[in-house]
Amino acid sequence: MSNQLPEQKTNFSKWYTAVVNKAGLADYGPVKGTMVIKPYGFQLWENIKDAFDLMIKSTGHVNAYFPLFIPKSFLAREAEHVEGFAKECAIVTHTRLKNDKEKGVIVDPESKLEEEIVVRPTSETVIWSMYKKWVQSYRDLPILINQWANVVRWEMRTRLFLRTSEFLWQEGHTAHETQEEAQDETLKILELYRQLSENFLAVPVYQGVKTDSEKFAGAEKTYCIEAMMKDKRALQAGTSHNLGQNFAKAFDVKFQTKDNKEEYVWATSWGVSTRLVGAVILTHGDDKGLRLPPKIAPVQVIIIPIAKNEDEIKIVKNYINSFCKSLKELGVRIDEDWTNNTPGYKFNEWEMKGVPIRMEVGLRDIKNEKIVLVRRDNGEKIFLSKNELVNIIPSLLEEIQDSLFAQAKKFRDDNTYLVSSYNEFQSIIKEGGFVRCGWDGTTKTEIQIKNETKATIRCIPFDENPIGKHCIISDKPAKHEVIFAKAY
RNA sequence: CGGGGUAUAGCGUAGUCCGGUUAACGCGCCUGCUUUGGGAGCAGGAGAUCGGGAGUUCAAAUCUCUCUACCCCGACCA
């Protein structure tokens, strides 16, 4: 009983920390704010990564790798950009250690660098310094490069997967001939993010544009997908930026057009991070632990053998072997738990780990040529005969995938409110949830609402309908309909 | 960066006020036997320079000073 989780409803943040730990996803690293992603958590990330990698490759993108280290001066090239990251950079100032008789190992002051090096908080600057070399004519465009990498943003308050000082992500950096092309790319990627989130993570999202005060430093427009977590707070799950010509101008990247004119290149950048793992946990988890969508679950089916002695173990093993291989051939990720723990212990353990289907196999089932399955998404017990397995398991996995999405979507929709009075706005934000309402489009009201309620504009959704609406706080005619929420 | 707190075995704690045997307990871990359809039982065992340093004392986990690290709460953030 000592292994139980804190109750989700009353103690959400403790629940989160405990489930990450007990499910074996991650651990704290020795430097504050760093995270060790353990094998089970990393497999989950890899499955997400592989799914997205396939998507971008099938849309003509290629992977490359750019350096971790950036000359300090690069960041300063783009004024907004440097301002956005100035407060959270790790900086390399020296290159050597030496032994000191009194203090032990110290930084060798002799090794101080002429120009300090910044550990990348994002790679626009290094990448555009290279694009300058690579681009001369329109024939060199477009460049559709992505990289899978780690980045560092020094953070005060951190939480595993959601906010750590170092995290893993992909960052796409594209260069185009025209503004339209860059805009198309920005939106194309946003759509891929929606597909990744909804079809693989089973996390429903709103797509929209960030307001000026929430957009990426250095971007013309930032588009995003926003999801609702189980505590009714918003999580930004991915961003896609139209960078205009800002970085091309900062790094002087020009090309010759077909009619022999010189023009600056148009750019985009876009990223999703290991934060997506956090989104999965916070969207689907319950009081028993994780609930993983089958498409990204490291283990889709866990077999719990039930046997009292050596003889029974042999019989059960044979029985499992008689069907296990054919399931694996179908591509089902199936695993068996032969540890010496009791069945009850294993049930709880694998529920904690969020495995979509549990299979119980004991003498009782063997006698009847039956199998017992238990669904993690709703706890339903299913009895079926052995020869049905190959047909049922794949479709059951799909059903669980859909069910998790449907549950999450219902939860989000039930907690999204169309609101027209500020009083109502305040009470909903206090209770938690998304508020859709009119906004007059000024930064002033946006900030005022943030100060008074802690809610921020998550996005201006694509399906907004501002006509006839009034600003929730100034009562002026609404310029946009927006989604407000407290955010991670 | 401001306010508050904590530091004792892998984890969670007791002991500290009022100094005095071999530093205790739960979980976990190791060995063996018995178990196994919702977190098994018994027996044995390993594991701690009590955060670091200095001081007071016959004697320090306990008192004093100091350093360090971490946690919680307020301003920034994928």
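The numbering of the first sequence is this note's numbering, which starts it at 19 and goes up by one.
Where is the CB? At the ideal position from N, CA and C, for every residue including glycine.
Counting only residues of its own chain and dropping the five nearest sequence neighbours on each side, I207 has a CB closer than 6 angstroms to the CB of S258 and W288. A Cβ-Cβ contact shorter than 7 angstroms links V379 with P323. The DSSP assignment places 381-386 as complete runs of the alpha helix (DSSP H) inside the region 377-420, in order along the chain (cut-off: 4 residues). In this structure, the alpha-carbon of R393 lies about 28 angstroms from that of D45. The C-beta of P484 has 16 or more other C-beta atoms within 10 Å across all chains shown, which makes the residue buried. DSSP places V295 inside the alpha helix (DSSP H), whose first and last residues are R293 to H302. G397 has its alpha-carbon roughly 12 angstroms from the corresponding atom of N366.
The three-state reading of DSSP puts H99 in helix, counting H, G and I together.
Sixteen is the threshold: since fewer than 16 other Cβ atoms of the shown chains lie within 10 Å of the Cβ of N409, the residue is exposed. Non-local C-beta neighbours of T52 in its own chain, meaning closer than 8 angstroms and more than five positions away in sequence, comprise Y46, T182, S183 and E184, ordered along the chain.
Taking 7 angstroms as the cut-off, the Cβ atoms of V80 and F273 do not count as close. The three-state reading of DSSP puts R181 in strand, counting E and B together. Judged by DSSP in its simplified three-state form, A245 adopts strand.
For F60, the enclosing alpha helix (DSSP H) covers residues P57 to K75. According to the DSSP assignment, E133 belongs to no alpha helix (DSSP H) but to the beta strand (DSSP E) extending over K130 to V137. Excluding the 5 residues flanking it on each side, G78 has same chain C-beta neighbours closer than 7 angstroms at L162, in chain order. For P89, the uninterrupted beta strand (DSSP E) run begins and ends at F87 to P89, by DSSP. Boundaries cannot be given for K487, as no beta strand (DSSP E) includes it and DSSP labels it neither H nor E.
DSSP places M148 in the helix class (H, G or I) of the three-state scheme. Around P89, the same chain offers E133, I135 and V136 as residues with beta carbons nearer than 8 angstroms, after the five sequence neighbours per side are excluded. For G362, the enclosing alpha helix (DSSP H) covers residues P361 to M370. Annotated three-state conformation of C342 is helix, per DSSP. In the structure shown, K448 adopts helical secondary structure according to DSSP, grouped into three states.
Pairing Q61 with P316 gives a Cβ-Cβ distance under 7 angstroms. The three-state secondary structure of Y506, taken from DSSP, is coil. For L23, there is no enclosing alpha helix (DSSP H), as DSSP marks it with neither H nor E. Below 8 angstroms, too few C-beta pairs join the region 274-282 and the region 291-301 to call them touching: fewer than three. The C-alpha of I467 lies about 56 angstroms from the C-alpha of I389. Exposure of D68 is indicated by the presence of fewer than 16 other C-beta atoms within 10 angstroms of its C-beta. Under a 10 Å Cβ-count criterion, V350 is classified as buried, with 16 or more other Cβ atoms of the shown protein chains found around its own Cβ. Taking the Cβ atoms as the reference, K364 lies roughly 57 angstroms from V271, outside the contact range of under 8 angstroms.
In the three-state reduction of the DSSP assignment, P127 falls in the helix class. Straight-line measurement puts the Cα of L381 at about 13 angstroms from the Cα of E328. With 16 or more other Cβ atoms from the protein chains shown falling within 10 Å of its own Cβ, K313 counts as buried. The three-state secondary structure of W356, taken from DSSP, is coil. The alpha-carbon of L93 is positioned some 58 angstroms away from that of I338.
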